[in-house]
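In the numbering used here, the protein residues as written are 12 to 144.
1. Go ahead and pull the three-state DSSP assignment for residue 85.
2. Could you give the distance in angstroms between the alpha-carbon of residue 64 and the alpha-carbon of residue 144?
3. Quick one: is residue 12 buried, meaning 16 or more other Cβ sit within 10 Å of its Cβ, or exposed?
4. Please state if the CB of residue 28 and the CB of residue 117 are separated by a distance shorter than 8 Å.
5. From the DSSP output, which residues share a beta bridge with residue 19?
6. Is the beta carbon of residue 11 sitting closer than 8 Å to the one on residue 34?
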């Protein structure tokens, strides 16, 4: 088997914000389609994580909270978050939820952005060790 050593989420910010968002993992049984899902029609499993950013400043981390991005001061720059993630098995697909309760919410680029030339898809980089047998 493999053991996760580190995991990092990289997001390209299109706007700024006082808080870049908390990063949660959706439940395994969360079914959605990337091409057809938006915040307006997102299934409950994506919207069910509560957002409490006040505790982040005190070092609080909820049970499904993987990480967070602080102040996003420079639009059109990359931002990274270290993910506190130790899965028993590394999945082939992972649904992450980036959310914030701030009114000036940040906008990140996606791989589906065809409005302009700023399509910079998010990436998750996982470093892992494979046990020798």
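Each residue gets a CB set at the ideal place from its N, CA and C atoms; glycine is no exception.
Looking at the atomic coordinates:
1. Taking the first residue of the chain shown as position 1, residue 85 is located at position 74. Three-state result, residue 85: coil.
2. By 1-based counting over the chain shown, the position of residue 64 is 53. By 1-based counting over the chain shown, the position of residue 144 is 133. In this predicted model, residue 64 has a pLDDT of only 39, less than 50, meaning its place in the structure is not dependable; the value taken from the coordinates is given anyway. Spanning the two alpha carbons is a distance of roughly 43 Å.
3. Along the chain shown, one-based indexing puts residue 12 at 1. Flag for residue 12 reads exposed.
4. As a first step, residue 117 is located in the chain shown; it is residue number 106 there, counting from the start. As a first step, residue 28 is located in the chain shown; it is residue number 17 there, counting from the start. Going by C-beta atoms, residue 117 is nearer than 8 Å to residue 28.
5. Mapped onto the chain shown, residue 19 falls at position 8. In the DSSP output, where bridge partners are listed per residue, residue 19 has 93, 136.
6. The question about residue 11 has no answer, for the chain in this structure spans 12 to 144.
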